[in-house]
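Positions in the sequence shown are counted from 1; adding 1196 to them yields this note's numbering. Every residue, glycine too, gets a C-beta built ideally from N, C-alpha and C. Keep in mind the model is a prediction, meaning the values are calculated, not measured. Each remark here refers to the structure printed beneath this line.
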Amino acid sequence: MKLANYLLVFIFLISTSSLSENPTGFLEWKNDFRKIALENNISENTFDNVMANIKFLPNVIKYDRYQPEFYEDTKTYISKRTSSKKVSKGVDFYKKNTNLINTVENLYNIEKELLLALMGIETNFGTYVGKMDILSSLATLSFDKTKI
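Laid out in structure tokens, this is it:
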């Protein structure tokens, strides 16, 4: 059950729009976000435990604004991120995690091929998860008012 609560907080973090672009408003955002979480059956204890060490990370915003897909042409972008070795790694990853991938596909209505492609690009199938705290990163992105 704890995992389900953490997943709900994660989903809210990535789907909640920001209330201010000013990092000094981050605490206010966090308090407002707390209300949203509690209204959606996240317990106070779970929210407080998950969000206790959340910080605004300005570098997340900087990196988000300078994604290679914004400045590289399509051919360059794809050629840097694809190879037959990566495809093989993706096939192996799928074979080892078929039940999980199929469950995610069905539960969230996302094609497994797209999910695997994104996992390959963003995390090299889970072998690279970044150097910054993931929950603080997600909270920072939620707080920031991005225009997609």
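Straight-line gap, residue i to residue j (C-alpha atoms, nearest Å)
{"i": "ASN1305", "j": "ASN1298", "result": "10 Å"}
{"i": "LEU1234", "j": "ILE1257", "result": "27 Å"}
{"i": "GLU1224", "j": "THR1242", "result": "19 Å"}
{"i": "ASN1227", "j": "LYS1327", "result": "26 Å"}
Closest by C-alpha distance to residue i, when choosing among the options
{"i": "ILE1330", "options": "TYR1262, LEU1253 and ASN1295", "result": "LEU1253"}
{"i": "ILE1313", "options": "THR1278, VAL1300 and LEU1337", "result": "The sequence shown places Ala at residue 1313, rather than the Ile named in the question. Checking every option, the nearest Cα to that of ALA1313 belongs to THR1278."}
{"i": "ASP1288", "options": "MET1315, GLY1326 and TYR1259", "result": "MET1315"}
Environment of residue i [buried if 16+ CB atoms lie within 10 Å]
{"i": "LEU1296", "result": "exposed"}
{"i": "SER1275", "result": "exposed"}
{"i": "THR1336", "result": "buried"}
{"i": "SER1338", "result": "buried"}
{"i": "PHE1222", "result": "buried"}
{"i": "LEU1303", "result": "exposed"}
{"i": "ASP1340", "result": "buried"}
Completely contained beta strand (DSSP E) runs for the segment 1205-1288, where each covers 3 or more residues: Segments of the beta strand (DSSP E) lying fully in the segment 1205-1288: there are none.
Contact the segment 1222-1241 vs the segment 1305-1319: 3+ CB pairs below 8 Å: Per the Cβ contact rule, the segment 1222-1241 is not in contact with the segment 1305-1319 (fewer than 3 Cβ pairs under 8 Å).
Inter-stretch contact (C-beta, 8 Å, three-pair minimum) for the segment 1240-1249 and the segment 1277-1288: The segment 1240-1249, when compared against the segment 1277-1288, does not touch it at the 8 Å Cβ threshold.
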